[in-house]
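Have a look at the structure below before the remarks.
Residue numbers (the working numbering): 109 to 648.
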């Protein structure tokens, strides 16, 4: 007998001793912990376990599930019944189960398991879940997959809407704010509170094995169908993760369908942080020159002479623009001219039109959404006219752009399309009324001026060959710790398949952003706008 043959025999003998030892150990444990008769209450008993963390689905406009779940693979051991697995007849499965569980948990032991009472739940990997499924005839064991929502991204709009509780508190027993009327969360809670959490049902058989009976997901359960488009949400999130935008700690994006007010996308780059698109927890910003959309509209509505020339000597701009009319001033984002317009308009007319388009109020009605900060009447009107000394959210500015696209009709944005049950029956349908806030002729002029901004103005990075786009740039000063800092805006629009959409991109805190053309809405936000539109066109 050669050396290799002797080594093989030695290994065989060791394996035999190991199996005999394990067999003996199992026999000992069964005799120690196993009762002589199984309690009859375990027989013909149905076990139900929840298979989802949520009581309702969150659907997009096309009925797609908006949530990305963490799948938790669960193995349940009914200890009393599991003890009936015979080491004589089920040794192979017991050995395999022991091996699999030790790969999951190194300190797993049958002794610890069999010393417990009731049911013991184990979370395992998908691979091991599938392996355990192949162990046929195991007594006292069943399995299911649990859908768990990743709530680490607490300020993602989908996460905010899947729970009717406040996102910024860990105390889920505190329902004080939940029961306040008028919030979007309260509406969701009222419609879904009586839902039955989806569960799986297993029945224990006479031989102590568990048999799947089915799933309990009542047709009467009510789900929330949003106006969002999941494909658009996913596309935008992937764009914001692009390496070329790594210097931006956060970016907020909002898209509104202009003729309906439906919010089609609401995303930010870092969704673990307070949602800047909604201005949650009063996290709003100066709109900068994007507010000139409202200022120009107010001026035209007040019958300003659109051919009148104003002189810009560069005192309040990066350089002198010379003699320009109101349309040229918009295209060039001339602060000097709009300061003069602000003086002539006055506070009431300027802020009055802003309020009519949803500024300084909650647009969606979320409990953590901010209404913004209204400027005081004694603030310098020249600063208000160029978007300084007050705060708004990207969602609000997207609605302003949508008003221009909708021929001067303001439609309050909304995000819940309908409540629908599991059978497809519509329980409640939502819509938003339209209010004419500026003349259609005024809206047409603003829209054309926004087009000129991307063709030959301050927002050329938002130009896309062959696609109708327009916009208004904004750069707001935001000093931080006595250091120079800026926020960048691009409040734009695009036409896709004959339908207009407003698209606002907001980049806060551009201090670390480095560009040869400087820190501005055109250098920071407009390229993201362009990337989003180009990629959305590919998906349609």
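Cβ atoms here follow ideal geometry from the backbone N, Cα and C, with glycine treated the same way.
Which residues in the same chain as residue i place their Cβ atom closer than 8 Å to its Cβ, once the five residues preceding and following it in sequence are excluded?
{"i": "residue 495", "result": "394, 395, 396, 397, 398, 399, 400, 582 and 584"}
{"i": "residue 167", "result": "173, 174, 331, 332, 333, 334 and 528"}
{"i": "residue 299", "result": "330, 332, 527, 535 and 536"}
{"i": "residue 291", "result": "285, 473, 474 and 475"}
{"i": "residue 412", "result": "434, 449 and 452"}
Whole-angstrom Cβ separation of residue i and residue j, contact assumed at under 8 Å?
{"i": "residue 335", "j": "residue 477", "result": "16 Å between Cβ atoms; not a contact."}
{"i": "residue 360", "j": "residue 502", "result": "5 Å"}
{"i": "residue 362", "j": "residue 548", "result": "Not a contact, Cβ separation roughly 24 Å."}
{"i": "residue 465", "j": "residue 402", "result": "7 Å"}
{"i": "residue 326", "j": "residue 198", "result": "So it is not a contact: roughly 37 Å between Cβ atoms."}
{"i": "residue 257", "j": "residue 296", "result": "Actually they do not touch by this definition, with Cβ atoms about 15 Å apart."}
{"i": "residue 514", "j": "residue 366", "result": "5 Å"}
Can you find the residues in the same chain that come closer than 7 Å, C-beta to C-beta, to residue i, ignoring five residues on each side of it along the sequence?
{"i": "residue 639", "result": "347"}
{"i": "residue 642", "result": "572"}
{"i": "residue 407", "result": "434, 449 and 453"}
{"i": "residue 451", "result": "489 and 490"}
{"i": "residue 252", "result": "157, 159, 182 and 308"}
{"i": "residue 343", "result": "643, 644 and 647"}
{"i": "residue 499", "result": "392, 393, 394, 480 and 481"}
{"i": "residue 726", "result": "Look at the range of the chain in this structure, 109 to 648, and you will see that residue 726 is not part of it."}
{"i": "residue 620", "result": "355"}
{"i": "residue 163", "result": "300, 303 and 305"}
{"i": "residue 211", "result": "236"}
{"i": "residue 379", "result": "261, 263 and 264"}
{"i": "residue 388", "result": "263, 382, 476, 477 and 478"}
{"i": "residue 416", "result": "433"}
{"i": "residue 577", "result": "562, 570, 571, 600, 601, 602 and 641"}
{"i": "residue 565", "result": "439 and 440"}
If you drop the 5 nearest sequence neighbours on each side, which residues of the same chain put their C-beta closer than 6 Å to that of residue i?
{"i": "residue 542", "result": "517 and 519"}
{"i": "residue 629", "result": "581, 582, 583, 596, 597 and 598"}
{"i": "residue 615", "result": "356, 359, 596, 632 and 633"}
{"i": "residue 143", "result": "Low local confidence applies: a pLDDT of 37 at residue 143 is under 50, so the model's placement there is unreliable, and no value is given."}
{"i": "residue 429", "result": "420, 440 and 442"}
{"i": "residue 319", "result": "311 and 313"}
{"i": "residue 512", "result": "551, 554 and 555"}
{"i": "residue 618", "result": "594, 596, 627 and 632"}
{"i": "residue 540", "result": "369, 519, 520 and 522"}
{"i": "residue 201", "result": "243 and 246"}
{"i": "residue 184", "result": "227, 229 and 250"}
With the cut-off set at 9 Å, would you say residue i and residue j are in Cβ contact?
{"i": "residue 338", "j": "residue 173", "result": "yes"}
{"i": "residue 153", "j": "residue 312", "result": "yes"}
{"i": "residue 255", "j": "residue 323", "result": "no"}
{"i": "residue 458", "j": "residue 489", "result": "yes"}
{"i": "residue 652", "j": "residue 187", "result": "The chain is shown from 109 up to 648; residue 652 falls before or after that span and cannot be answered."}
{"i": "residue 600", "j": "residue 545", "result": "no"}
{"i": "residue 316", "j": "residue 189", "result": "yes"}
{"i": "residue 604", "j": "residue 579", "result": "no"}
{"i": "residue 481", "j": "residue 612", "result": "no"}
{"i": "residue 444", "j": "residue 424", "result": "yes"}
{"i": "residue 552", "j": "residue 461", "result": "no"}
{"i": "residue 483", "j": "residue 497", "result": "yes"}
{"i": "residue 155", "j": "residue 259", "result": "no"}
{"i": "residue 493", "j": "residue 538", "result": "no"}
{"i": "residue 455", "j": "residue 410", "result": "no"}
{"i": "residue 377", "j": "residue 352", "result": "no"}
**OP:** Taking only runs that begin and end inside the region 158 to 241, name each unbroken alpha helix (DSSP H) of 4 or more residues, in chain order.
**Re:** 187 to 190, 199 to 212, 218 to 222 and 234 to 241
**OP:** Would you mind listing the beta strand (DSSP E) stretches within the region 376 to 437 that are 3+ residues and don't spill past its ends, in chain order?
**Re:** 418 to 420 and 430 to 432
Subject >> contact_flag[the region 382 to 389, the region 468 to 476] where n(CB pairs < 8 Å) is 3 or more >> reply: yes
**OP:** Decide yes or no for the touch test of the region 438 to 453 against the region 232 to 244: beta carbon pairs closer than 8 Å, at least 3 of them.
**Re:** no
**OP:** Count the CB pairs spanning the region 625 to 643 and the region 567 to 578 that are closer than 8 Å, and state whether there are at least three.
**Re:** yes
Original post:
Should the region 258 to 272 be called in touch with the region 205 to 212, which here means at least 3 C-beta pairs below 8 Å?
Top reply: no
Original post:
Using 8 Å as the Cβ pair cut-off and three pairs as the minimum, do the region 415 to 429 and the region 440 to 450 touch?
Top reply: yes
Subject >> Contact between the region 154 to 162 and the region 303 to 320 (3+ Cβ pairs under 8 Å) >> reply: yes
Subject >> Completely contained beta strand (DSSP E) runs for the region 487 to 563, where each covers 3 or more residues >> reply: 517 to 519, 524 to 529, 534 to 537 and 542 to 544
Subject >> Complete beta strand (DSSP E) runs within the region 429 to 483 (minimum length 3 residues, chain order) >> reply: 430 to 432
**OP:** With a floor of 3 residues, list each beta strand (DSSP E) that falls wholly inside the region 333 to 367, ordered by position along the chain.
**Re:** 360 to 365
Subject >> Inside the region 580 to 638 only - alpha helix (DSSP H) runs reaching at least 4 residues >> reply: none
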